[in-house]
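For the record, in the sequence shown the residue sitting at position 33 is 33 according to UniProt numbering, with numbers rising by one throughout. Ideal placement from N, C-alpha and C gives every residue a C-beta, glycine not left out. All values derive from a computational prediction rather than experimental measurement. Remarks on the structure that follows.
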Amino acid sequence: MSALSHQCFAFAAFITVKGRSYLEHYGNRGVVCDDTFNVTKYSFRLATLLVTDDSGNGFPCAHVLSYRMTSAEMENLFQLVKQLVPSFDPQYFMPDDTLTFFNAFKTVFPYSRAKKVLCCFHVLQIFKRKHKELLKAEFLPTAEKLIRAILFDTDKVNFENGFAAYMTWLVNIGASDMLAVRCFDCFGLF
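Right, here's the structure in full:
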């Protein structure tokens, strides 16, 4: 068939044999969930649930292929995970910056201990959008430089010092609107 249509293909959720093994073995630490779209001429989306092995390598374990990517589709995937890996209870859950994946996860696993965390890429995107919306154009390069320094520093003291410097800079430039933004919640400091 040369093209997919909504009639012949609406939804597929699957876990590979190796993916199941990886979810059983590494899924207790944490999982990442993200999706892709607009990567082919077809309008379907692919969401992938992955874990990292002992060497820090990501391994894609479970997938959803669908024309829509709502909580309903993702709930089907997590029901499949629950059925095949009954002990699945990650410590961390890293979705993209939408609520779709985490809401579906919490619906299927309401008592999970998983803490939601965001990756640096998505946090940086949140800040870029807010900077563009709330700061004067002349401040955008400095704002991005300061946020990048914070996000990519793995030393706690350096992070806290960088965050304090960023907040002080916002006060000094009179960016009270930016200080009130809830995107700082992602740092877990408040």
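- Item | Identity of the residue in F102, R148 and V39 nearest F127 by Cα | On the sequence shown, position 127 is the one that residue 127 refers to. Checking every option, the nearest Cα to that of F127 belongs to R148.
Would you be able to state if there are at least three C-beta pairs under 8 angstroms between the region 71-87 and the region 138-158?
no
_Assuming contact is defined by CB atoms lying nearer than 8 angstroms, are L77 and V85 in contact in what I supplied?_
In the sequence shown, the residue the question calls residue 77 occupies position 77. In the sequence shown, the residue the question calls residue 85 occupies position 85. The answer is no: Cβ separation not under 8 angstroms.
Cutoff 8 angstroms; reference G162; Cβ partners in own chain excluding five residues on either side = Start at 1 with the first residue of the sequence shown, and residue 162 comes out as number 162. Excluding positions up to five away in sequence, the list reads L146, A149, I150 and D153.
With distances taken from CA atoms, which of L134, A137, K41 and I15 is nearest V51?
Here residue 51 refers to the residue found at position 51 of the sequence shown. Out of L134, A137, K41 and I15, I15 has the C-alpha closest to the C-alpha of V51.
**Prompt:** Mind checking F93: buried by the 16 CB within 10 Å criterion, or exposed?
**Reply:** As a first step, residue 93 must be located in the sequence shown, where it is residue number 93. F93 is buried by the Cβ-count criterion.
Practice task
Check whether the Cβ atoms of G27 and F88 sit closer than 8 angstroms, and answer yes or no.
Solution key: On the sequence shown, position 27 is the one that residue 27 refers to. On the sequence shown, position 88 is the one that residue 88 refers to. Closer than 8 angstroms, so yes.
- Task: Would you grab the beta carbon distance between A114 and Q91 for me? Rounded to a whole angstrom, and I think it's under 8 angstroms.
- Result: Walking along the sequence shown from the start, residue 114 turns up at place 114. Walking along the sequence shown from the start, residue 91 turns up at place 91. About 7 angstroms separates the two Cβ atoms, so the contact holds.
Practice prompt. Return the first residue and the last residue of the alpha helix (DSSP H) that R129 is part of.
Written response: Residue 129 sits at position 129 when you count from the first residue of the sequence shown. Taken as a continuous stretch (DSSP letters only), the alpha helix (DSSP H) holding R129 covers C120 to L134.
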